[in-house]
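Enquirer:
This is the structure in structure tokens:
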């Protein structure tokens, strides 16, 4: 064999090895990253994840968005359909866009059911890209014209600027076009704030079905076929195959923080409290005022992951200082526990697989930390209350004046001896002669010496 042929053979073997290694690496990456798996939902779907967007969590905000995306991710990983029950007046545009895009790109069948009386504004936006839209007989949809709310006066201002309203129109039309829905009516939803009933929504081709309740809906869509990523899927979902998704503590906390009333209170207390703590020198209350301020900023749009990280670090530092530097356990340690509790509550539900073993482990860890923090916080709170209560009490002083005792020595003017009064030995003196063994009465106290007289 010539050197040239040897070189060609080696080159060919190298290429084969590289191809094999590349194939192995690609397959391993696909195995380790659930989101990279191309899910083939072919044939029939018999189970579904159910997520609710209903009062009191009916505002479509960051918390509801995270809960919805978590539920959709769970449905995709388990090969189940996603049913979302909507009863909402609307919410924030960015959250609605994120939910709508996730639904339009879903790898499993999506079914939107307006189970309450309305799905207005952002509520309509998130149901448009669903494979199936069903409405309660009394439900209404539409009114998608964007509005702005004055944070000071609470006044609602309708937005008509083309720079804002045109993207909303186009996004809604994209969703309608994706599922072959009535584009003219969808445009009117945004431009004219048109609202239609369930019956009209179905007759005009925006919705698919009317159902009195969820079991009725399941019967109605049984055998219905939808297209998911180019694959035709038949819906055969039984009521026994439903799994209601419980939103995480983080998502609910985010919804609370974005509430305008709670947000304003947190920012006010946090800002004024921090200024007061710095000016008055009461540094021990500074961590709590910073907590209010950071939670308010998280509700205002600051990345909650950064807030969570900062709270966990600061809480750990405060707890370490209280345990290893300061004597006893006081406000610094309690502040550390509170900061840790909120930090873990805001911890992201999903992290890269290299950081945590699984979602279940993370949720269990979060629950354990919060429960432990609440228990320890309550215990140390009661302990501090008892300590403060004891410190505020007047010191107990035994005043034996008027008490009857017995002379153990001979007493007299200028002489001291011992007497016993209510089981205690005291030095005593008297202005009269008192023989040993006589009963005496305490008439005064001079320092640590009693003045007595014969009974």
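Residue numbers (the working numbering): 7 to 461.
Think of the CB as a built atom: it goes at the ideal place given N, C-alpha and C, for glycine as much as any other residue.
According to DSSP, is residue 54 helix, strand or coil?
Expert: Indexing the chain shown from 1 puts residue 54 at position 48. Strand at residue 54.
Enquirer: Which stretch, first to last residue, makes up the beta strand (DSSP E) that contains residue 154?
Expert: On the chain shown, position 148 is the one that residue 154 refers to. Its beta strand (DSSP E) spans residues 153–155.
Enquirer: Here's a check: name, in chain order, each residue in its chain whose Cβ is nearer than 6 Å to the Cβ of residue 194, leaving out the five neighbours to either side.
Expert: Sequence index remark: in the chain shown, residue 194 carries index 188 (1-based). Contacts found: 200.
Enquirer: Can you check whether the CB of residue 98 is closer than 8 Å to the CB of residue 135?
Expert: As a first step, residue 135 must be located in the chain shown, where it is residue number 129. As a first step, residue 98 must be located in the chain shown, where it is residue number 92. Not a contact, by the Cβ cut-off of 8 Å.
Enquirer: Between the region 277–284 and the region 317–334, are three or more C-beta pairs nearer than 8 Å?
Expert: no
Enquirer: Could you say which of 406, 263, 247 and 315 lies nearest to residue 453 if we only look at CA atoms?
Expert: Counting from one through the chain shown, the residue named residue 453 turns up at place 447. Nearest C-alpha to residue 453: 406.
Enquirer: Judging by CA-CA distance, which residue of 172, 317 and 291 is the nearest neighbour of residue 303?
Expert: Here residue 303 corresponds to residue number 297 of the chain shown, with the count starting at 1. Checking every option, the nearest Cα to that of residue 303 belongs to 317.
Enquirer: Using beta-carbon positions only, say whether residue 449 and residue 427 come within less than 8 Å of one another.
Expert: By one-based count along the chain shown, residue 449 stands at place 443. By one-based count along the chain shown, residue 427 stands at place 421. No.
Enquirer: For the alpha helix (DSSP H) that contains residue 422, what are its first and last residues?
Expert: In the chain shown, residue 422 corresponds to position 416, counting from 1. It is not in any alpha helix (DSSP H) - residue 422 instead sits in the beta strand (DSSP E) that spans 422–427.
Enquirer: I'd like to check one pair, residue 248 with residue 56: are the Cβ atoms closer than 8 Å?
Expert: Here residue 56 corresponds to residue number 50 of the chain shown, with the count starting at 1. Here residue 248 corresponds to residue number 242 of the chain shown, with the count starting at 1. Yes. Within cutoff.
Enquirer: State the Cα-Cα distance for the pair residue 360 and residue 373, rounded to the nearest angstrom.
Expert: One-based indexing of the chain shown puts residue 360 at position 354. One-based indexing of the chain shown puts residue 373 at position 367. Its pLDDT being 43, under 50, residue 360 is placed unreliably in this model, and the coordinates cannot settle the point.
Enquirer: Name the residue from 53, 113 and 441 whose alpha carbon lies nearest to the alpha carbon of residue 246.
Expert: For the purposes of this step, residue 246 is taken as residue 240 along the chain shown, with counting starting at 1. Ranking the options by Cα distance to residue 246, first place goes to 53.
Enquirer: What residues are listed by DSSP as bridge partners for residue 249?
Expert: If you number the chain shown from 1, residue 249 lands on position 243. The partner list for residue 249 (beta bridge, DSSP) reads 55.
Enquirer: Which whole-angstrom value describes the C-beta separation of residue 325 and residue 342, a residue pair presumed to lie in contact below a C-beta threshold of 8 Å?
Expert: Indexing the chain shown from 1 puts residue 325 at position 319. Indexing the chain shown from 1 puts residue 342 at position 336. So it is a contact: roughly 4 Å between Cβ atoms.
Enquirer: What is the rounded straight-line gap between the Cα of residue 215 and the Cα of residue 251?
Expert: Stepping through the chain shown from its first residue, residue 215 is reached at position 209. Stepping through the chain shown from its first residue, residue 251 is reached at position 245. Cα to Cα, residue 215 sits roughly 24 Å from residue 251.
Enquirer: Could you compute how far the alpha carbon of residue 336 sits from the alpha carbon of residue 387?
Expert: Residue mapping note: residue 336 aligns to position 330 of the chain shown, counting from 1. Residue mapping note: residue 387 aligns to position 381 of the chain shown, counting from 1. Going from the Cα of residue 336 to the Cα of residue 387 covers about 9 Å.
Enquirer: Hey, quick one: how far does the beta strand (DSSP E) through residue 116 stretch, first residue to last?
Expert: Locating residue 116 in the chain shown gives position 110, counting from the first residue. Unbroken beta strand (DSSP E) run through residue 116: 116–120.
Enquirer: Per the DSSP calculation, residue 231 is bridged to which residue(s)?
Expert: Residue 231 sits at position 225 when you count from the first residue of the chain shown. According to DSSP, which records beta bridges pairwise, residue 231 is partnered with 240.
Enquirer: Could you give the DSSP three-state label for residue 95: helix, strand or coil?
Expert: Within the chain shown, numbered from 1, the residue matching residue 95 stands at position 89. Coil at residue 95, not helix or strand.
Enquirer: For residue 243 versus residue 118, is the C-beta spacing smaller than 8 Å?
Expert: Against the chain shown, residue 243 aligns to sequence position 237. Against the chain shown, residue 118 aligns to sequence position 112. Cβ distance not < 8 Å, so residue 243 and residue 118 don't count as in contact.
Enquirer: Please determine, among 408, 192, 217 and 227, the residue with the shortest C-alpha to C-alpha distance to residue 126.
Expert: Taking the first residue of the chain shown as position 1, residue 126 is located at position 120. Of the listed residues, the one whose Cα sits closest to residue 126 is 192.
Enquirer: List the endpoints of the continuous beta strand (DSSP E) containing residue 141.
Expert: Numbered from 1 along the chain shown, position 135 holds the residue referred to as residue 141. Run containing residue 141: 138–141, per the beta strand (DSSP E) assignment.
Enquirer: What's the C-alpha gap between residue 227 and residue 241?
Expert: Sequence index remark: in the chain shown, residue 227 carries index 221 (1-based). Sequence index remark: in the chain shown, residue 241 carries index 235 (1-based). Between the alpha carbons of residue 227 and residue 241 lies a distance of about 7 Å.
Enquirer: Around the C-beta of residue 130, are 16 or more other C-beta atoms found within 10 angstroms, so that it is buried, or is it exposed?
Expert: Here residue 130 refers to the residue found at position 124 when the chain shown is read from its first residue. With 16 or more other CB atoms across the displayed protein chains lying within 10 angstroms of its CB, residue 130 is buried.
Enquirer: Would you mind listing the beta strand (DSSP E) stretches within the region 256–317 that are 3+ residues and don't spill past its ends, in chain order?
Expert: Correct list: empty.
Enquirer: Indicate the three-state DSSP secondary structure (helix, strand or coil) for residue 224 in the structure shown.
Expert: Residue numbering aside, residue 224 sits at position 218 when the chain shown is read from its first letter. Looking at residue 224 - three-state DSSP - the assignment turns out to be helix.
Enquirer: Please tell me whether residue 257 and residue 72 are closer than 8 Å, where the distance is taken between their beta carbons.
Expert: Taking the first residue of the chain shown as 1, we reach residue 257 at position 251. Taking the first residue of the chain shown as 1, we reach residue 72 at position 66. Contact: yes.
Enquirer: Report yes if the C-beta distance between residue 345 and residue 297 is below 8 Å; otherwise report no.
Expert: Reading the chain shown from its first residue, position 339 is the one you call residue 345. Reading the chain shown from its first residue, position 291 is the one you call residue 297. Cβ atoms of residue 345 and residue 297: closer than 8 Å.
Enquirer: Assuming residue 417 contacts residue 440 (C-beta within less than 8 Å), just tell me the rounded distance between them.
Expert: Here residue 417 refers to the residue found at position 411 of the chain shown. Here residue 440 refers to the residue found at position 434 of the chain shown. Correct: roughly 4 Å between the Cβ atoms.
Enquirer: Nearest to residue 149 by alpha carbon, out of 102, 109, 166 and 95?
Expert: On the chain shown, position 143 is the one that residue 149 refers to. Comparing Cα positions, the closest option is 95.
Enquirer: Can you look up residue 409 in the DSSP assignment and give me helix, strand or coil?
Expert: The residue you call residue 409 lines up with position 403 of the chain shown. Coil, per DSSP.
Enquirer: Can you check which of these residues, 446, 312, 112 and 329, is closest to residue 184 by C-alpha distance?
Expert: By 1-based counting over the chain shown, the position of residue 184 is 178. Ranking the options by Cα distance to residue 184, first place goes to 112.
Enquirer: Grouping DSSP H, G and I as helix and E and B as strand, with all else coil, what is residue 42?
Expert: The residue you call residue 42 lines up with position 36 of the chain shown. Note that residue 42 scores a pLDDT of 33, beneath 50, so its modelled location is shaky; the value from the coordinates is reported in the next line. Of the three classes helix, strand and coil, the one that applies to residue 42 here is helix, per DSSP.
Enquirer: So what does DSSP say about residue 108, is it helix, strand or coil?
Expert: Against the chain shown, residue 108 aligns to sequence position 102. Reduced to three states, the DSSP call for residue 108 is helix.
Enquirer: Kindly indicate the opening and closing residues of the alpha helix (DSSP H) around residue 196.
Expert: Locating residue 196 in the chain shown gives position 190, counting from the first residue. Counting along the chain, the alpha helix (DSSP H) containing residue 196 begins and ends at 189–197.
Enquirer: When the Cα of residue 462 is compared with those of 79, 451, 349 and 394, which residue comes out closest?
Expert: Residue 462 falls outside the range modelled here, since the chain spans only 7 to 461, and no answer is possible.
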